[in-house]
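One structure is given below, encoded as structure tokens.
In full-length UniProt numbering, the protein residues as written are 1 to 565.
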């Protein structure tokens, strides 16, 4: 028996009805879709169905004298012993309520019977990327499921060659993958890919299969990328007692998908190489090739996190969580290797929401109205992750991840943001130390990663590596109308910069500097190795980055650590 799908999303006042009617003797083969108000009587809805089916009947049988098609009806199957009961004199809402306790309700249209499925799992929307490269991962660029979960659903990737006729229905498909993502092979070049999804929920209930074909055939990759040279230093995972950290601003689609970005900000980048569908293939391959145990990312698009990073990284035994920046569609992501670490806690805050939490700092700036307004309007976030070493359960790691405000005249804002971030980190560090009874100083280490938008000459680097900044640092007067007076900051941890101060961590035509860091707690952690940075010759090959071979305007920082003895 075929299925008729009735769907009513929470908060909506309409029910969507869909069924595929196939009646060979009437030459009817069509999917019918209806939207009916919940307050409408069933009989009125069935009349509308009948009218539409009659129109299709008359259109397909023009030479014959049109006969009135039998009205549709909804019935409840009483089982083998009892004839079906016709449902009438009730609203759509009443029938949907009945479906929750009496699922064997059928819809009859002409000679066809349909089992009604209420709020069945479905693929609401799916889209494949416009760029698919050989030797890189591909995932749907959009996948929206209703009444289903991605983890429970079934997937299939197939490949096939488009015939000369251009008729996709004639493609002979060969299955090649069964995950949400697929590692495209060199043999796929010139072929189209098809993605199939059977949506399913936690109970195993399945919805109709949905398929989509890639808009373009698979293309060859860009050749050797500079990050693949860096991979020569990370060909193996580190042994127990050691771990590798990556900090990387991957450049959100939010900041490249505009005319200004394409023509001014990144005007030197080929337009297709600026598209997220192209770039995400590169940064996924780059990050995985570092074989890291801890990954802190900034400027992560929400959809990239859920559709690309999570499904692909999980295949490498990496788990992660996301911290949104308020209503902004990009944020922070931290991933960790499940073989190395056990997750104990995860947390995140918007820094502007904790301004009054620390009165010693707040009281010094509260009367500076232009400054307070500027800080309060920022969606800057701080993400924390508490991990326990599986090799040595005494060892704990508190991981902080942030992306500070970017404006050129905002050194004072960034320094205050860092001051608040460290206040919060110190507070959580002390709570964790007491809660988990970590008496030894080396039992709770701190790693603070991020894009701090601050060069080594500025106050943030001094605060983190020298533990304090005074009221006279130039940062406080970077904007004279918002100048900060009489404020000093300090933090109690002896921290170092794992990668030192590279000449560049951001390299564009308009700006080149070191603004990203992996700060770590000295005494609790030792830096064993730092993966070499790309040369300026590589960075400037296409004038600046991003480029055909660099997916971001930032450069990933990669360092190897060992627990201090």
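Every residue, glycine too, gets a C-beta built ideally from N, C-alpha and C.
With C-beta atoms as the reference, is residue i less than 9 Å away from residue j?
i           : j           : result
residue 44  : residue 34  : no
residue 544 : residue 505 : no
residue 292 : residue 337 : yes
residue 200 : residue 153 : yes
residue 387 : residue 398 : yes
residue 21  : residue 53  : yes
residue 349 : residue 424 : yes
residue 530 : residue 500 : yes
residue 266 : residue 551 : no
residue 334 : residue 558 : no
residue 5   : residue 158 : no
residue 230 : residue 191 : no
residue 358 : residue 297 : no
residue 344 : residue 436 : yes
residue 473 : residue 486 : no
residue 526 : residue 468 : no
residue 362 : residue 412 : no
What distance in whole Å lies between the Cβ atoms of residue j and residue i, which are believed to be in contact at a cut-off of 8 Å?
i           : j           : result
residue 118 : residue 61  : Not really, about 33 Å apart at Cβ, beyond 8 Å.
residue 442 : residue 524 : 5 Å
residue 132 : residue 184 : 6 Å
residue 553 : residue 450 : Not really, about 15 Å apart at Cβ, beyond 8 Å.
residue 380 : residue 360 : In fact, because the Cβ distance is near 20 Å, the residues do not count as touching under 8 Å.
residue 560 : residue 238 : 6 Å
residue 601 : residue 528 : Shown here, the chain extends from 1 to 565; a query on residue 601 therefore has no answer.
residue 400 : residue 448 : 4 Å
residue 311 : residue 180 : 4 Å
residue 165 : residue 307 : Residue 165 to residue 307, Cβ: 33 Å. No contact.
residue 92  : residue 15  : 5 Å
residue 1   : residue 42  : Actually they do not touch by this definition, with Cβ atoms about 20 Å apart.
Could you check where the alpha helix (DSSP H) with residue i kicks off and where it finishes?
i           : result
residue 382 : That residue, residue 382, is in no alpha helix (DSSP H); its beta strand (DSSP E) goes 381-389.
residue 362 : 359-365
residue 549 : Careful: residue 549 lies outside any alpha helix (DSSP H) and carries neither H nor E.
residue 536 : 536-539
residue 92  : 92-99
residue 241 : Counting along the chain, residue 241 falls outside any alpha helix (DSSP H), and DSSP gives it neither H nor E.
residue 566 : Residue 566 cannot be examined here, being either before or after the span of the chain that is shown, 1 to 565.
residue 287 : 276-289
residue 16  : Residue 16 -> not in any alpha helix (DSSP H); beta strand (DSSP E) instead, spanning 14-23.
residue 374 : 369-376
residue 226 : 226-230
Between residue i and the ligand GDP, is the CB less than 8 Å from at least one heavy atom?
i          : result
residue 90 : Absence of the ligand GDP from the depicted structure is noted, as is the absence of any ligand whatsoever, leaving it without description.
Please report the straight-line C-alpha distance between residue i and residue j, rounded to a whole angstrom.
i           : j           : result
residue 396 : residue 415 : 28 Å
residue 104 : residue 150 : 27 Å
residue 269 : residue 538 : 15 Å
residue 556 : residue 252 : 15 Å
residue 123 : residue 254 : 25 Å
residue 384 : residue 432 : 12 Å
residue 244 : residue 532 : 14 Å
residue 329 : residue 56  : 44 Å
residue 66  : residue 135 : Because the pLDDT of residue 66 is 47, which lies under 50, any placement of that residue in the model is unreliable, and the question is left without a value.
residue 223 : residue 331 : 30 Å
residue 546 : residue 288 : 19 Å
residue 173 : residue 186 : 17 Å
residue 69  : residue 189 : Because residue 69 sits at a pLDDT of 49, beneath the cut-off of 50, its placement in the model cannot be relied upon, and the following sentence gives the value as read from the coordinates. If I take the Cα positions, the gap works out to 51 Å.
residue 202 : residue 146 : 13 Å
residue 74  : residue 339 : 55 Å
residue 264 : residue 47  : 58 Å
residue 562 : residue 376 : 39 Å
residue 80  : residue 212 : Residue confidence is low: residue 80 scores 49 on pLDDT, short of 50, so the model does not pin down where it sits. No coordinate-derived value is stated.
residue 171 : residue 286 : 33 Å
residue 144 : residue 206 : 15 Å
residue 512 : residue 280 : 23 Å
residue 227 : residue 535 : 11 Å
residue 261 : residue 369 : 32 Å
residue 111 : residue 23  : 8 Å
residue 100 : residue 393 : 48 Å
residue 365 : residue 461 : 22 Å
Following the continuous beta strand (DSSP E) through residue i, name the residue where it begins and the one where it ends.
i           : result
residue 464 : Here residue 464 belongs to no beta strand (DSSP E); instead the alpha helix (DSSP H) covers 459-466.
residue 559 : 557-563
residue 332 : 328-337
residue 530 : 525-530
residue 417 : Run containing residue 417: none in the beta strand (DSSP E); it sits in the alpha helix (DSSP H), 411-435.
residue 59  : Counting along the chain, residue 59 falls outside any beta strand (DSSP E), though it belongs to the alpha helix (DSSP H) covering 42-60.
residue 8   : Looking at the DSSP string, residue 8 is not in any beta strand (DSSP E), and its letter there is neither H nor E.
Chain C beta carbons: is any one of them nearer than 9 Å to that of residue i?
i           : result
residue 200 : Among the protein chains of the structure shown there is no chain C, as only one such chain exists.
query = Between the segment 415-427 and the segment 487-495, do three or more beta carbon pairs fall short of 8 Å?
reply = The segment 415-427, when compared against the segment 487-495, does touch it at the 8 Å Cβ threshold.
Three or more C-beta pairs below 8 Å linking the segment 274-288 and the segment 298-309 = Yes, the segment 274-288 touches the segment 298-309.
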